[in-house]
Structure formats: structure tokens, C-alpha cells
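Heads up: the protein sequence lines correspond to chains A and B, in order.
Per this note's numbering, the first sequence starts with residue 3, numbered consecutively.
Per this note's numbering, the second sequence starts with residue 7, numbered consecutively.
Below is one structure, written out as C-alpha cells, with a few remarks after it.
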Amino acid sequence: MRTIPAQTIVDKVAEMCIAANRELPADVLQAFKTQQAAEENPAAKEIFRQLIENAELSRETGLPLCQDCGLAVFFVEMGEDVRVEGMSLREAVNAGMVKGYKEGYLRKSSCDPFTRKNTGDNGPAIIHFDIVPGDKLKIWMMAKGGGSENMSRVMMFPPAAGWKGLREFIIKRIAEAGPNPCPPVLVGIGIGGNFELAAINSKKALLRDIDDTHPDPEVAKLEEEVLSAINKLNIGPMGLGGKTTCLAVKIATAPCHLASLPLAVNVQCHSARHKEVVL
Amino acid sequence: MAEYTLNTPLTDADIEQLRSGDVVYITGTIYTGRDAAHKRLTDTLDKGDPLPFDLKGALIYYVGPSPAPPGRPIGSAGPTTSYRMDTYAPRLHGLGLKGTIGKGRRSPEVREAMNATKSAYFGATGGAGALLSQAIKAAKVIAYEDLGPEAIRELTVEKFPLLVINDCHGGELYTTPDLEKALAG
């Protein structure tokens with residue numbers, strides 16, 4: 003049994019929250035540069051220019067990339083041979099998030115659903131736990147903004163809908179979202195599982211790098227197909243037209259009930275902020 | 007596509023010359039307001055009480071900035087998605103509001119109200135909060151402090167860069183998604 007002091011987790015999580023909000027992932031920044039060169043529409047080129055400048059400025063000044071520093075979402079893989087000492091793992095992650103959002107001058111966006119009163123500390127963090135073999139603790143942090151999250155959907159299809167039905171739903175969803183979620187977007191798709199697993203998988207899929215390939219070649223083909231279709235919508239960066247409506251489509255699948263074909267579409271804005279740490 | 011530098015408060019003549027696609031640099035005062043603040047502004051109007059700022063010729067920026075770090079007037083300050091304020095916007099335009107700043111599409115009701123009142127909808131680049139904050143020289147909370155990031159702030163801006171999305175003549179800049187082509191693959 004390996005022991006990790008809770009304070010180590012608190013400090014690491016705080017660092018991750020601050021860094022995620024200031025440093026655009028390298029793959030996303032590279033995609034901006036590649037697409038800026040590929041675009042012919044001057045408005046689309048100009049949006050990419052601003053986004054690249056914004057990323058540089060954020061890194062230099064420490065200002066968050068986006069004022070919406072998101073709800074803090076965590077995916078935690080806890081090795082069975084790890085013990086956290088000092089407080090519970092949930093408390094440690096939450097305390098680290100609160101510390102990071104306070105010390106990093108990050109916006110607190112969490113509020114009561116009815117009174118709309120701000121909780122004041124961006125809490126509670128949204129944490130998905132997994133118990134895995136081994137003595138490591140792995141934590142992914144994602145700063146998920148509200149504007150893009152509002153454009154996400156879960157749909158329970160009958161099995162007869164098939165891939166054709168799913169594909170149509172995904173493309174129509176992105177078309178309907180249009181300029182609202184800050185395109186170019188990334189699209190996380192959960193297929194199968196059940197109502198809640200599809201949604202969790204659709205978000206977890208967004209942790210993958212833009213240019214990685216799905217290990218299952220059939221799924222990889224579907225990702226390519228949907229990406230190419232969405233980019234024919236001509237929504238473009240910030241809805242001003244162009245080739246780049248979507249930077250990546252990432253699919254995660256799971257076995258589902260005989261009666262069901264669950265689909266979740268998680269829309270991620272271009273400010274695709276996430277970090278990971280292994281302890 | 008023309009380029010304009012406009013000073014607040016905005017006049018009918020300022021707005022009438024604009025066409026969707028024009029670039030506009032705003033200098034002067036703009037007010038922040040988003041979901042919860044709009045609800046309170048509307049409740050205030052319902053009660054017949056005065057609003058915390060003068061709507062005549064005013065611009066409302068749909069933004070909830072991040073906290074100002076030491077030595078800066080404001081934190082990151084990019085636009086939030088505008089459709090959530092569509093419920094409230096027509097009434098405010100009717101009372102003299104000349105423009106709103108945000109991102110994303112507006113409802114037909116808001117577009118009609120803008121045409122009827124000679125007002126415009128401006129787009130700022132979403133997710134460029136650090137960059138846009140550079141044009142904000144001063145910020146102070148003038149109402150609803152308890153709303154935190156959603157409080158109404160008076161911003162002093164210098165050459166704040168905007169794009170005209172909806173002009174007062176029915177023009178709109180956003181593209182219509184080519185759904186047929188996308189579905190065909």
C-alpha cells in the first residue's frame with residue numbers, strides 16, 4: 003500500500019487548475035496555426051490570428067485564456083494500492099480546485115440552480131472516480147465553459163436508428179449550435195452504455211489529443227467521417243464562415259442494453275483547456 | 007466592409023451607417039450585464055424604479071469577467087453567448103439601448119426590435135478574453151455587487167474591437183449552415 007499525503011493532491015490540483023486556464027494545450031494551438039494557413043476566408047484567418055495572440059498573451063500575463071474558467075471537471079483513476087492520508091480523495095481534489103481558482107484569479111461560475119446565488123468558490127468540483135489496479139493516482143482536470151456545455155445533448159435512440167441516425171443527430175446538433183459555442187469546436191461523442199455513461203464518455207473522449215487516432219480502426223473511420231461532414235457546414239470560426247467548424251471528433255463506445263442506442267454529444271469550445279497529472 | 011471608430015453614447019446616426027461585417031472600435035463607457043443582472047434590471051423596471059445606469063445610447067456587453075489580478079483593472083473579459091439575454095433585450099432596446107455585445111445568434115424578436123429602434127448587435131471574439139481585456143482601461147461595479155462575476159460594471163474602453171453582426175437594416179453576418187452538404191458527407 004502506497005500513501006499519498008492529501009496536501010500533495012491539493013497542491014497539484016491547484017496548479018493544474020491555474021495552468022489549464024492559462025496554457026492552451028500545444029495540440030490545440032498547433033491546430034489553430036495549421037487551420038489559419040488553410041483558411042481562405044479572411045474573417046476566419048483573422049479569428050485564428052486573434053486566438054493565437056490571445057494564447058500568447060494569456061501565457062505572458064497570467065490572465066485566463068477565457069473569462070469563463072468553467073466548472074472544474076475531474077476524471078480520477080485511483081490505484082487500488084493507494085491510500086490518501088489527511089483527508090478523503092474527494093475533499094482533497096475539491097480543496098485543490100478551490101485553492102487554484104482563488105489564487106489564480108479564475109472566475110467562479112458555480113451557482114444554485116434555483117436562486118442562481120454563486121457558491122463563491124466554484125465548488126463543488128465535478129469528479130468522476132474510477133478504481134484501477136496499481137499504486138498510481140491519475141487525475142485529469144478539464145475547465146468546461148457553460149456556453150459550449152449548453153449546446154451538448156443526450157439522446158436515447160432505438161437500435162433501429164443505427165449509425166445513420168446517430169450521424170444525422172450529431173451533424174444537426176452542431177448545425178443548430180451554429181456560432182453559439184465558440185467554433186471551431188471539438189466534439190466528444192459517447193455511443194452506447196446507458197443514459198449517464200454515454201454522457202460521461204462523451205466528455206472523457208475530449209481528453210484525447212487532437213491528432214491521436216482511435217485504437218479501433220472502424221471507430222477511427224467514423225471519427226474522420228463525422229469531422230469531414232461537420233466541416234462542410236461552413237459555420238467556420240466564430241460563425242463567420244470557413245473550412246474550420248470543428249477541429250476534432252472523438253468517439254468513446256461502451257456496450258449497451260438490447261433495447262437502447264444511447265448517444266451523447268459533448269460540445270467543447272476552441273479553448274479546450276485540460277491538464278493531467280500522475281502521482 | 008468599412009471601419010469605424012465610435013464614441014459612447016451612441017446615436018441613431020452612428021448606428022444607421024453600420025452594415026453587418028463592418029469593424030467598429032468603441033471608445034468610452036460600456037456596461038456589463040448577463041443572465042442574473044438582466045433579470046434584476048427587468049424586475050426593477052416592473053417595479054417602476056430607476057435603473058442603475060442610463061440606457062439612452064448605451065451599450066451592454068454580455069460578459070462576466072474573471073477577477074482582476076493585482077495591478078490590472080479587470081481580468082479576462084470576452085463575450086458570453088447572447089441568446090440567453092434574448093428574453094430581455096427587446097424591452098431594453100425600446101428604452102434607448104443602442105447596442106449589445108456578445109457572441110452567437112439572436113432571436114427574430116431581438117432582430118426586429120433592433121430594426122425598430124435603430125440598434126445593433128456586435129460580436130466580440132469568444133474565448134479571446136485575455137486579448138479583449140487589453141482594451142479595457144478601467145472597471146467599477148455600479149450595481150448588484152452580490153452577483154459576483156454577474157454584477158453590473160461600468161467599463162472604460164479604448165478602441166474596443168467589434169464586428170457588426172446584426173445591423174439595423176436587417177443585415178446579419180453569420181452564415182447559414184449548409185446542412186444538406188454536410189449530411190451528404
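Each residue gets a CB set at the ideal place from its N, CA and C atoms; glycine is no exception.
- In the three-state reduction of the DSSP assignment, E25 (chain A) falls in the coil class.
- With contacts defined as CB atoms closer than 8 Å, V156 (chain A) and A200 (chain A) qualify as a contacting pair.
- Collapsing the DSSP output to three states places I237 (chain A) in coil.
- When A:R275, A:M158, A:A45, A:T215 are compared, the shortest CA-CA separation from F197 (chain A) is found for A:M158.
- Under the criterion of beta carbons closer than 8 Å, D173 (chain B) and A126 (chain B) qualify as touching, at roughly 6 Å.
- Straight through space, the alpha carbons of T63 (chain A) and N121 (chain B) are spaced by roughly 40 Å.
- Taken atom to atom, the span from the alpha-carbon of M7 (chain B) to that of L235 (chain A) is near 24 Å.
- Of all alpha-carbon atoms in B:A130, B:L98, B:Y89, the one lying nearest the alpha-carbon of K165 (chain B) is that of B:A130.
- About 6 Å separates the beta carbon of L168 (chain B) from that of I32 (chain B), a gap short enough to meet the 8 Å contact definition.
- Going by beta carbons, T48 (chain B) and R97 (chain B) fall inside the 8 Å limit.
- Taking one beta carbon from each stretch, the segment 40-47 of chain A and the segment 77-85 of chain A have fewer than 3 pairs nearer than 8 Å; the two do not touch.
- Secondary structure note for M158 (chain A): its beta strand (DSSP E) is the uninterrupted segment 155-159.
- When the beta-carbon positions are compared, A266 (chain A) and G149 (chain A) stay at least 8 Å from each other.
- Against chain B, a Cβ distance below 9 Å from C19 (chain A) picks out nothing, because the smallest value is about 13 Å.
- The Cβ-Cβ distance between M144 (chain A) and V75 (chain A) falls below 8 Å.
- Residues of chain B whose Cβ lies closer than 9 Å to the Cβ of A40 (chain A) do not exist; the shortest such Cβ separation is about 17 Å.
- With contacts defined as CB atoms closer than 8 Å, R61 (chain A) and S72 (chain B) fail to qualify as a contacting pair.
- Segment contact: the segment 241-261 of chain A against the segment 136-152 of chain B, fewer than three CB-CB distances shorter than 8 Å; contact not assigned.
- Counting along the chain, the unbroken alpha helix (DSSP H) around G102 (chain A) starts and ends at 91-105.
- Taken in chain order, the members of the segment 63-80 of chain B whose beta-carbon sits within less than 8 Å of a beta-carbon on chain A are V69, G70, P71, S72, P73, A74, P75, R78.
- Interface with chain B (8 Å Cβ-Cβ cutoff): T5 (chain A) is excluded.
- Scanning chain B for C-beta atoms nearer than 8 Å to the C-beta of R109 (chain A) yields G70, P71, S72, P73, G81, S82, P155, reported in chain order.
- Around the beta carbon of Q140 (chain B), 16 or more other beta carbons sit within 10 angstroms, so the residue counts as buried.
- Counting only the Cα atoms, I107 (chain B) lies some 13 Å from N182 (chain A).
- A residue is called buried when at least 16 other Cβ atoms come within 10 angstroms of its Cβ; F50 (chain A) meets this threshold and is buried.
- The criterion of a C-beta distance shorter than 8 Å is satisfied by V95 (chain A) and I129 (chain A).
- Between R25 (chain B) and G135 (chain B), the CB-CB gap reaches or exceeds 8 Å.
- Taking a beta-carbon distance threshold of 8 Å, Q52 (chain A) counts as an interface residue toward chain B.
- Between S112 (chain A) and C71 (chain A), the C-beta gap is not smaller than 8 Å, which leaves the two residues out of contact.
- Per DSSP, A127 (chain A) lies in no beta strand (DSSP E) and is assigned neither H nor E.
- Interface residue (Cβ-Cβ distance to chain A less than 8 Å): A136 (chain B) is classified as such.
- Bounds of the beta strand (DSSP E) holding L169 (chain B) are 158-172.
- Shown in chain order are the members of the segment 91-110 of chain B whose Cβ falls below 9 Å from a Cβ of chain A: K109, G110.
- Beta bridge pairing from DSSP links Q69 (chain A) with no other residue.
- For E9 (chain B), the enclosing beta strand (DSSP E) stretches over residues 9-13.
- Each residue's CA atom was taken as its position, placing V187 (chain A) and L249 (chain A) some 6 Å apart.
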